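Participant: Before we start, here is the structure in question, set down as structure tokens.
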Amino acid sequence: MSHSASGHPDVIVVGAGAAGATAAFHLAQQGRGVLLLERGPYPRAKPCGGGMAASMQALFPFDLSPAVDAVIERVRFTWCLGDPVTAELPGDAPFWIVRRSVLDAYLVEQARAAGADFQVGVTVQALRRSGDRWHLLCRGPGGEAQEFEARAVVLADGSGSELAGRHGLGPARPRFADTVSVEVDCAVAEPSTARFEFGLVRHGFCWAFPRQGGYSIGVGTFIGRDPADADAVLTQLLPSLGLPPDAGDRRSGQLRIWDGHHPLHGQGDNTGLVVVGDAASLCDPFLAEGIRPALISGCRAAEALGPWLDGDPAALADYSRRMRQDWGESMAWGKRMAQVFYRVPRVGYQLGIKRPTAPQRIAQILSGEMGYGDIAQRVIRRLLFQRR
Ligand SMILES: Cc1cc2nc3c(=O)[nH]c(=O)nc-3n(C[C@H](O)[C@H](O)[C@H](O)COP(=O)(O)OP(=O)(O)OC[C@H]3O[C@@H](n4cnc5c(N)ncnc54)[C@H](O)[C@@H]3O)c2cc1C
């Protein structure tokens, strides 16, 4: 690793998920000294459908295809397992399925190859600023106290982040979607079709994404405080895929979702801190798309930290501004759409998803070609006034 003259890294990245590994890679590639800290053993399994826009390739100078499990050519929507709508994804904008244990480890490998140092089994417990440096108080793999220091810190510690809120980054009271995910190893009938089912889950949807040797299946609830009875939903969904109703290992979790514009960089005593990915509450509140914003924010945070480390004090504000412009504005519409759609999902399905133009729009949203802002006003008006 290249260290600054102090012998310490320039930047410490907390968390080696998609967001942290991306930030570590881009910082290391700039020639910065980077230390990436991960509390878990690694590679680690991560409950996630793994659906990701292929357009994310543009963020990296290396080929992402070794991390791609399946290429999706078609998306099928259903209402109570019937009334299907199929969207063919255009050939130039495919949607990928990645396995997170593979993608995240691959990004970490690239970050290490670019010069980042990586330590596993290290839990960052607190941050303290002293002079122009951040001190990270950690618990090491054997439970021992450890301390690291750097000029800047990227918080990439995921949906359960406590560090972001403690330092005034992101929303003070984050909002969460409830999720249950199931991994099933089996033969897959249509290996390039991703399915979304809207009628079985109150206030949310369930999905079945094909991957190598099986499916990633899940249930998500996006509004309200009553999580879906996921077992009851899965008992209906799994047989429709030719699976026993109780197949697979189930893991429930809370996913932090976008809930308003907030600064993603620290100010005053918190200068030199940025937050990325789920820790920054960037995940789409309508469809739970969190990999794309994790990768975009990791990349943009690294781009802003470069000039900041070189002495431009305003550079980190540019990171918050760009994320608001390139992601937050679309998510503000996604949140409004979720609030209307998931309250009247039957109407939403009939008037929103079953429209002749909807499959193409949905394909464009999933591929990252369009944002919610391009369609939301018309969709919301249609749902509120229940007009075609
Ligand atoms: C069931 C489910 C299905 C989903 N499906 C999709 C999908 O199909 N497509 C999509 O785009 N998104 C999906 N998402 C969302 C997506 O998984 C997340 O948005 C994404 O993982 C965010 O990446 P991240 O790097 O910010 O966080 P994470 O991947 O959670 O990484 C955070 C890392 O930080 C580490 N860490 C945490 N605290 C500390 C600490 N104190 N010290 C050191 N390390 C720490 C953790 O161990 C972890 O490795 C889904 C989410 C769920 C729950």
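If you read the sequence shown in this note's numbering, its first letter stands for residue 2, the second for the next number, and so on. Ideal Cβ placement from N, Cα and C applies to all residues, glycine included. Here the structure is a predicted model, which is why all the values come from computation and not from measurement.
Can you grab the Cα-Cα spacing for the pair TRP397 / ALA315, in whole Å?
Facilitator: With the chain covering only 2 through 389, there is no way to say anything about residue 397.
Participant: Give a single yes or no on whether ILE366 has its beta carbon closer than 7 Å to a heavy atom of ligand 1.
Facilitator: no
Participant: Would ASP260 pass as a contact of PRO175 if the rule is Cβ separation under 8 Å?
Facilitator: yes
Participant: Using 7 Å as the cut-off, classify the Cβ of CYS187 as near or not near the heavy atoms of ligand 1, replying yes or no.
Facilitator: Because no heavy atom of ligand 1 lies under 7 Å away, the Cβ of CYS187 does not count as near it: no.
Participant: Return helix, strand or coil for TRP334, following the three-state DSSP convention.
Facilitator: helix
Participant: Return the chain-ordered list of same chain residues with a C-beta closer than 7 Å to the C-beta of ARG101, the five sequence neighbours on each side being excluded.
Facilitator: Here the set comprises LYS47, CYS49, GLY51.
Participant: Under 8 Å, do SER160 and ASP250 count as touching if we go by C-beta distance?
Facilitator: no
Participant: Under a Cβ-count criterion, where at least 16 other Cβ atoms within 10 Å of its own Cβ denotes burial, should ARG257 be classed as buried or exposed?
Facilitator: buried
Participant: Should PHE1 be labelled buried (16 or more other beta-carbon atoms within 10 Å of its own) or exposed?
Facilitator: Residue 1 lies beyond the range of the chain shown here (2 to 389); nothing can be said about it.
Participant: Would ALA303 and ALA24 qualify as a contact pair, given that the criterion is a beta-carbon distance under 8 Å?
Facilitator: yes
Participant: Across which residues does DSSP place HIS136 in a beta bridge pair?
Facilitator: When DSSP reads this structure, HIS136 sits in a beta bridge with ARG129, GLU150.
Participant: As a quick exercise: from ARG167, ARG203, TRP328, ILE98, pick the residue whose alpha carbon is nearest that of ILE218.
Facilitator: ILE98
Participant: What residues are listed by DSSP as bridge partners for HIS27?
Facilitator: According to DSSP, HIS27 bridges with nothing at all.
Participant: Going by the beta-carbon positions, is the gap between SER321 and LEU265 smaller than 8 Å?
Facilitator: yes
Participant: Under the assumption that LEU82 contacts GLN237 (Cβ atoms under 8 Å), give the Cβ distance between them as a whole number of angstroms.
Facilitator: About 7 Å; that satisfies the 8 Å criterion.
Participant: For VAL185, which residues in the same chain have their Cβ closer than 7 Å to its Cβ, ignoring the five residues on either side in sequence?
Facilitator: Closer than 7 Å at Cβ, skipping near neighbours: GLY215, TYR216, ILE218, LEU244, ALA248, GLY249.
Participant: Indicate whether at least one CB of chain C lies closer than 8 Å to the CB of TRP135.
Facilitator: Of the protein chains in this structure there is only one, and it is not chain C.
Participant: Of the residues PRO62, ALA151, VAL15, VAL189, which one's Cα is nearest the Cα of THR124?
Facilitator: If we check each option's Cα against that of THR124, VAL15 comes out closest.
Participant: Taking only three categories from DSSP, how would you classify MET57?
Facilitator: helix
Participant: Residues in the same chain with beta-carbon distance under 7 Å from GLY225, minus the five sequence neighbours each way, listed in chain order, please.
Facilitator: HIS204
Participant: For SER331, collect the residues of the same chain with a Cβ closer than 8 Å to its Cβ; drop the 5 residues on either side in sequence, then sort them by chain order.
Facilitator: GLY372, TYR373, GLY374
Participant: Could you tell me whether any non-hydrogen atom of ligand 1 is closer than 7 Å to the CB of PRO228?
Facilitator: PRO228: no, Cβ never under 7 Å from ligand 1.
Participant: For PHE210, which option in GLY132, GLY92, GLU74 has the closest C-alpha, if you only look at C-alpha atoms?
Facilitator: GLU74
Participant: Could you give the DSSP three-state label for ILE224: helix, strand or coil?
Facilitator: coil
Participant: Pair every Cβ in the region 61–75 with every Cβ in the region 341–350, then say whether three or more of these pairs are closer than 8 Å.
Facilitator: no
Participant: Got a sec? Which residues, its chain only, sit under 8 Å from PHE386 by beta carbon, not counting five neighbours each side?
Facilitator: Sequence-distant Cβ neighbours of PHE386 in its own chain, meaning closer than 8 Å and more than five residues away, do not exist here.
Participant: Is it buried or exposed for ASP158, if we count other Cβ within 10 angstroms and need 16 for buried?
Facilitator: buried
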